[in-house]
Amino acid sequence: MIKYIGSKRALLPVIVDAVRGAAPEGGTVLDLFSGTSRVGHALKRAGYRVIANDHNAYAATLARCYVQADAEDVLDDARRLVAELDALPGRAGWFTHTFCEKSRYLQPFNGERVDAVREAIAQMGLAPELESVLLVSLMEAADRVDSTTGLQMAYLKRWSARSFNRLEMRVPDVLPRAAGGKGAAHALDACEAAAAFEADVTYIDPPYNQHSYLGNYHVWESLVRWDRPGVYGVACKRADVRERRSDFNSRPRFAAALRRALGALRSRAVVVSFSDEGFLSRAEMEAMLGELWGGRAAVSVVECDYKRYVGAQIGIYNPRGEKVGTVGRLRNTEFVYVARRQPRQPEPVAGCRVNPAPDDQNRSAVSMAAMSTGTSSVAIRQT
Ligand SMILES: C[S@@+](CC[C@H](N)C(=O)[O-])C[C@H]1O[C@@H](n2cnc3c(N)ncnc32)[C@H](O)[C@@H]1O
1223 MIKYIGSKRA
1233 LLPVIVDAVR
1243 GAAPEGGTVL
1253 DLFSGTSRVG
1263 HALKRAGYRV
1273 IANDHNAYAA
1283 TLARCYVQAD
1293 AEDVLDDARR
1303 LVAELDALPG
1313 RAGWFTHTFC
1323 EKSRYLQPFN
1333 GERVDAVREA
1343 IAQMGLAPEL
1353 ESVLLVSLME
1363 AADRVDSTTG
1373 LQMAYLKRWS
1383 ARSFNRLEMR
1393 VPDVLPRAAG
1403 GKGAAHALDA
1413 CEAAAAFEAD
1423 VTYIDPPYNQ
1433 HSYLGNYHVW
1443 ESLVRWDRPG
1453 VYGVACKRAD
1463 VRERRSDFNS
1473 RPRFAAALRR
1483 ALGALRSRAV
1493 VVSFSDEGFL
1503 SRAEMEAMLG
1513 ELWGGRAAVS
1523 VVECDYKRYV
1533 GAQIGIYNPR
1543 GEKVGTVGRL
1553 RNTEFVYVAR
1563 RQPRQPEPVA
1573 GCRVNPAPDD
1583 QNRSAVSMAA
1593 MSTGTSSVAI
1603 RQT
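Going by the working numbering, the first residue of the sequence shown is number 1223, and it counts up by one from there.
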């Protein structure tokens, strides 16, 4: 999968376990901010029907490949076409000129292959799911030979070691259809998606700072859209990066946007992952989740120690490549919040005992620990 800031690779077991604790086996999970679709992929593998959503086209393409497409429908064709595309000779075009000559994200010999493969995919006129699998194959191939720290707001001054490798197309790990049913991929604003889709659990992983994902991954957006947009600045960002904004990237607007999304949800449980570097403190997030379902929410938290993204590990450099600052800290804490709608308690009747609702029984160990203490802290340390 592509390098992606905020990707939940290390947190996957905690998130899957939290979903297991809140959803019936083979139930439906809505992933409102799907990004790489790592989480959706893991949930599909665990048998859930996943509805993935992300407002960027490259992320919706990843979701169509990893969540919506099923191996039994696309893999035979994908294997044949990936081999054909991988054998194409390079041919310089818009991508090479923009991202390998005007800027330096890929070496020109690899950029020429991106141009040739992307143009061939455009000419094939494929069904959307198969096309997404090929686009993801190309995106991931380009990511493996890029010359960045994992963000496309800049590229390295000197070519990275991996950029000298030949771009190699591989078949993505498309899964068979989940027992819970066929998944789906959407590219809506999170608030619209929250209102549009019913699910047993909604997973929420919003951005946590002011840097837009479109600006951070504009090369993938242009590669997927293939609309050859006007670009600006040294980083050659798409012109529409300036207009396509998200309220979730704005400190003053974040809380209201999250409250809107939560208010629109059509599910009985919510799992949220959010870092301690984000726009809301733990207390604020717990209070907001506690307001769900008319205040009938039981909220618990799992706390995980996490390594910060590679840029933070390397330090702060000016455009001449000189180190001009250090980063305050190299680790952060990710909180995984679980909010569940509490069943309405029947009025107590003298002499009767109230048993827990059936769906409160048989929950997994981490989730039950989290549920029962309300502030369970599972020490997970990634090195
Ligand atoms: C922290 S990342 C999600 C990472 C993902 N869970 C993963 O593991 O790869 C946040 C995502 O939210 C998306 N996003 C930001 N604002 C959005 C909005 N208003 N509606 C839908 N998606 C949005 C971004 O494109 C980004 O992919």
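Cβ atoms here follow ideal geometry from the backbone N, Cα and C, with glycine treated the same way. Since we're looking at a predicted model, the values are computed, not measured.
Quick one: does the C-beta of residue i sit closer than 7 Å to a heavy atom of ligand 1?
| i | result |
| --- | --- |
| S1444 | no |
| G1437 | no |
| P1394 | no |
| H1277 | yes |
| K1230 | yes |
| F1470 | yes |
| Y1454 | no |
| T1424 | no |
| R1473 | no |
| G1257 | yes |
| D1308 | no |
| P1429 | yes |
| R1260 | yes |
| A1281 | yes |
| S1226 | Looking at the sequence itself, residue 1226 is Tyr, so the reference to Ser does not match. At least one heavy atom of ligand 1 is nearer than 7 Å to the Cβ of Y1226, so yes. |
| A1376 | no |
| D1411 | yes |
What residues in its chain sit with their C-beta under 6 Å from that of residue i, if we drop five residues either side in the sequence?
| i | result |
| --- | --- |
| D1581 | Model confidence at D1581 stands at a pLDDT of 44, short of 50, so the residue's coordinates are unreliable; what they give is reported in the following sentence. There are no such residues. |
| C1322 | L1328, P1330 and G1333 |
| R1488 | E1420 |
| V1494 | I1426 and Y1559 |
| D1498 | N1554 and T1555 |
| A1300 | V1355 and V1393 |
| N1471 | P1429, Q1432 and S1434 |
| G1403 | R1271 |
| V1238 | A1264 and A1268 |
Along the alpha helix (DSSP H) that carries residue i, what are the first and last residues, could you check?
| i | result |
| --- | --- |
| V1236 | L1234 to A1244 |
| E1499 | Counting along the chain, E1499 falls outside any alpha helix (DSSP H), and DSSP gives it neither H nor E. |
| L1198 | Nothing about residue 1198 can be reported from this structure: the residues present for the chain run from 1223 to 1605 only. |
| T1424 | It is not in any alpha helix (DSSP H) - T1424 instead sits in the beta strand (DSSP E) that spans V1423 to I1426. |
| K1324 | Per DSSP, K1324 belongs to no alpha helix (DSSP H) and is neither H nor E. |
| T1283 | A1279 to A1285 |
| Y1435 | Y1435 to N1438 |
| C1413 | A1412 to A1418 |
| K1379 | Unbroken run through K1379: none, as it is neither H nor E. |
| E1294 | A1293 to D1308 |
| E1247 | Here E1247 belongs to no alpha helix (DSSP H), and DSSP marks it neither H nor E. |
Under 7 Å Cβ to Cβ from residue i, same chain only, skipping five residues before and after it: list those, please.
| i | result |
| --- | --- |
| E1613 | The chain is shown from 1223 up to 1605; residue 1613 falls before or after that span and cannot be answered. |
| T1320 | V1453 and C1458 |
| A1279 | A1409, E1443, V1446 and R1447 |
| R1460 | H1440, E1443, S1444, P1451 and V1453 |
Hey, quick one: how far does the beta strand (DSSP E) through residue i stretch, first residue to last?
| i | result |
| --- | --- |
| R1553 | R1553 to R1563 |
| A1406 | A1406 to H1408 |
Is residue i near ligand 3, judged by its Cβ being under 7 Å from some heavy atom?
| i | result |
| --- | --- |
| Y1288 | Looking for ligand 3 in the displayed structure turns up nothing; the ligands present are ligand 1. |
I need the DSSP call for residue i, collapsed to helix, strand or coil.
| i | result |
| --- | --- |
| A1491 | strand |
| I1273 | strand |
| E1525 | strand |
| G1663 | Here the chain covers residues 1223 to 1605 and nothing more, so residue 1663 does not appear. |
| Y1288 | helix |
| V1453 | strand |
| A1519 | strand |
| R1466 | coil |
| R1181 | This structure leaves residue 1181 out entirely; the chain is present only between 1223 and 1605. |
| R1460 | strand |
| G1485 | helix |
| A1268 | coil |
| V1336 | helix |
| G1315 | coil |
| V1358 | helix |
| V1446 | helix |
Skipping 5 residues on each side, what residues in its chain have a beta carbon closer than 8 Å to that of residue i?
| i | result |
| --- | --- |
| L1397 | H1263, K1266, R1267, Y1288, D1292 and A1293 |
| R1467 | S1434 |
| S1229 | M1223, G1257, T1258 and R1260 |
| W1316 | D1337 and R1450 |
| C1413 | A1479, R1482, A1483 and A1486 |
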